[in-house]
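Every letter in the sequence shown is one number past the one before it in full-length UniProt numbering, and letter 97, counting from 1, is 97.
Don't be surprised by glycine CBs; every beta carbon is placed ideally from N, CA and C.
As the structure is a prediction and not an experimental result, all values here were calculated from the model.
To keep things clear, I will list the structure first and then write my remarks on it.
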Amino acid sequence: MSIRIQKSKCAGCGRCIEACPGNLIKKDKENKAFIRQVRDCWGCTSCIKECRHDAIRFFLGADVGGRGASMVVSEKPDISTWTVEKPDGTKITIQVNKKDANKY
Ligand code: SF4
Ligand code: SF4
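Structural data, given as structure tokens:
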């Protein structure tokens, strides 16, 4: 599992840099985040959960989403939306209401 940062969507906020426990993410001269060594990423998803601009795509393992499947996460104050995109273009969307989740 690994991530890819979509430079065109990156706002340069630095939240992913703070979140990465492996110190793998840096900023380039244009103030955009990039991952130094993709192979060092162990897929903890911390950076993805912090990004408010849907700029980080997480590539799932073949045993999870199928070869080539990826996921993006978008966050609104109470709603997390996880979208898994399969290689054939189909999408699965999971929405979590964080207020409700805290009730249990
Ligand atoms: S959290 Fe998202 S928008 Fe912020 S620097 Fe990282 S990739 Fe860019
Ligand atoms: S998934 Fe985890 S280890 Fe990989 S870049 Fe993001 S925060 Fe770092």
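query, result
"Cβ distance (whole Å) where residue 3 is taken to contact residue 47 below 8 Å", "6 Å"
"Given residue 20 as reference, the closest of 11, 51, 30 once Cα atoms are compared", "51"
"Inter-stretch contact (C-beta, 8 Å, three-pair minimum) for the stretch 28–41 and the stretch 78–94", "no"
"Check whether residue 49 and residue 32 have beta carbons under 9 Å apart", "no"
"Where residue 50 sits in the DSSP three-state scheme", "helix"
"Range covered by the beta strand (DSSP E) that runs through residue 30", "From DSSP, residue 30 is part of no beta strand (DSSP E); its letter is neither H nor E."
"Residue list, Cβ distance to ligand 1 heavy atoms smaller than 6 Å", "5, 10, 11, 12, 13, 14, 15, 16, 33, 50, 51, 53, 55, 56"
"C-beta contact flag for residue 27 and residue 14 at 9 Å", "yes"
"Residue burial classification, residue 96 (beta-carbon count within 10 angstroms, cutoff 16)", "exposed"
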